[in-house]
Amino acid sequence: MASKSLFSQSLATFLGSNHPSISLLLTKSSLLLSLLSPNVDSSSFLPPQIYGLLSQALDQMQPQVKTLLTQLQPDIVFFDFVQHWLPPLASELGIKSANFSVFSAVANSYLVVPSRMPDPNQPPTIEDLKKPPPGFPETSVTGVRTFQAQDFMFLFKGSNGGAPAFERTMGYIKTSDAVIYKSCVEFEGPYIDYLKTQLGKPLLLAGPAVPMPPSGILDGAQIEELAVGLELTGLPFFLVLNFGIGGDAAEAKLEASLPKGFRDRVKDRGVVHTGWVQQQHILAHKSVGCYLNHSGFSSVIEALVNDCQLILIPQKGDQYMNSKLLSGDLKVGVEVNRRDADGYFGKEDILKAVQTVMLDIDKEPGKSIRAHHKKWKEFLLKKDIEDKYIANLVRELEALAHDA
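Letter by letter, the sequence shown follows residues 256 to 659 of my numbering.
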């Protein structure tokens, strides 16, 4: 990325010097944005270091979005975490705006609330981020590890000339008419209450819906430790690894990432795959007893409505907080132990986590984890729970739309 950035700056300098009439069009930002593939329309498979470029590219769509809203004239426009400019644009057209959070309440209440950065000129330090913000509810979430706090720092740093994610988030929260969370008070009650005191505007709940799962990233060494850890359990498994590419390139990447001889050693009890799989159908299968995953909120909800036990190995951002909610507050899974400084985990850590929920089921904590999982599964499968939240959301949105 650094070499491409240097090239783009050199190109701007050359063209600006030799063709003055177009120099004003050749900004560093516009040249960097050209590095994005024309097929990129979400952050799903982008490396974190260029998330900012996608945000800046979407910023340039304001004229098109304004034209579309002018033509459609909806009562309310919904947006996620990128379009910080949309609320004032919608307000100008007499349209209400609502932020639909793709993150959990526990994650946002810990990371992106005004109390996290009371002085706009003084971003939090790593030591600050290891502790909850002022006024945070008393729960099992009492802080995070060093490597997790280091990962959170990206929220407070701009990239490629763009505004930091925290600044963009505070901007759209302040100017939107409401915020919607895909959650419920039974799941995240203390964090929802805290957010209400922090945001100063209506916070609506859509209930625990089950959308498409997010992604996580492991490097080569950690993939090897994960694979060997599963091998050491002696249990059958289905390992899915995706790399943001497809076809033969993905298969080659998978083969290069696995330990030497791994597939031959586990061929009678292990399935290794790259690419899309029918996750909900797999998790619902009676032969699947355990689900080791990255703690994406969608994925863990899918697991909770089935009988497979949860092992959590969060990889980035909100996933760290989701894991704490599930293993600490709800006690429905076990988080893989990791080194404080850099988040490293070894095959023994994978083995211990699997043993806890799959083999040591008659002693603690495995016994209580299964009991709590059963309780939350029964709750989530109650049809009237989802219906209640959706019906209430519709009523609140209707009131918002007609509120002068």
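Heads up, the beta-carbon is just placed ideally off N, CA and C, and yes, glycines get one too.
- L655 and F358 have their C-alpha atoms spaced approximately 22 Å apart.
- In terms of CA proximity to M372, F411 leads the group S623, K515, F411.
- Between P491 and L538, the alpha-carbon positions lie close to 14 Å from each other.
- Residues V495 of the same chain have their beta carbon placed closer than 7 Å to that of V532, with the five preceding and five following residues left out of the count.
- Here the alpha carbon of P514 sits roughly 10 Å from the alpha carbon of R520.
- I566 carries a strand assignment under DSSP once its states are collapsed to helix, strand and coil.
- Rounded to the nearest whole angstrom, the C-alpha separation of G398 and I435 is 25 Å.
- Following the DSSP letters along the chain, one finds N577 inside the alpha helix (DSSP H) bounded by residues 573 to 579.
- The criterion of a C-beta distance shorter than 8 Å is not satisfied by Y365 and P329.
- With contact defined as three or more Cβ pairs closer than 8 Å, the stretch 581 to 592 and the stretch 548 to 561 are in contact.
- Between the stretch 335 to 347 and the stretch 425 to 435, the count of C-beta pairs closer than 8 Å reaches three or more; the two stretches touch.
- By the beta-carbon neighbour count (other beta carbons within 10 angstroms, threshold 16), I568 is buried.
- Cβ-Cβ distances below 7 Å link G417 to G307, S310, Q311 in the same chain, with the five nearest sequence neighbours on each side left out; the list follows chain order.
- Judged by DSSP secondary structure, H339 falls outside any beta strand (DSSP E); it is assigned neither H nor E.
- Residue environment: P463 is assigned as buried (16 or more neighbouring CB atoms within 10 Å of its CB, all protein chains considered).
- Beta-carbon to beta-carbon, S550 and S512 are separated by about 21 Å, too far to satisfy the 8 Å threshold.
- Take E486, set aside five residues on each side of it, and the residues of its chain with a beta-carbon closer than 6 Å to its own are V521, in chain order.
- The residue from C563, P392, A608, A596 with its alpha-carbon nearest to that of G484 is A608.
- Beta-carbon to beta-carbon, L648 and L459 are separated by about 6 Å, close enough to satisfy the 8 Å threshold.
- For N363, the uninterrupted alpha helix (DSSP H) segment begins and ends at 360 to 366.
- Across the structure, Q377 and D573 are spaced so that their CA atoms are roughly 22 Å apart.
- With a 10 Å radius around the Cβ and a threshold of 16 neighbouring Cβ atoms, L327 comes out exposed.
- Beyond the five residues adjoining it in sequence on each side, I381 comes within less than 8 Å, by CB distance, of T401, A404, Q405, M408 in the same chain, given in chain order.
- The C-alpha of L450 lies about 11 Å from the C-alpha of E443.
- Counting the other CB atoms within 10 Å of its CB gives N294 a total below 16, which places it among the exposed residues.
- Closest option to K602, judged by alpha-carbon separation, among A476, H628, M576: A476.
- Beta bridge pairing from DSSP links Y644 with no other residue.
- The alpha-carbon of H339 is positioned some 47 Å away from that of I616.
- Residue burial annotation: N592 is exposed, with fewer than 16 other C-beta atoms found within 10 angstroms of its C-beta.
- Taking all protein chains in view, the Cβ of S542 is surrounded by fewer than 16 other Cβ atoms within 10 Å, so the residue is classified as exposed.
- Residue environment analysis places R650 among the exposed positions, since fewer than 16 neighbouring C-beta atoms fall within 10 angstroms of its C-beta.
- The straight-line gap separating the alpha-carbon atoms of R423 and G349 is approximately 22 Å.
- When DSSP reads this structure, V332 sits in a beta bridge with S352.
- Where H528 is concerned, there is no enclosing alpha helix (DSSP H), although the beta strand (DSSP E) around it starts and stops at 525 to 528.
- When DSSP reads this structure, V589 sits in a beta bridge with I566.
- Within the model, the alpha-carbon separation for C439 versus A461 is close to 7 Å.
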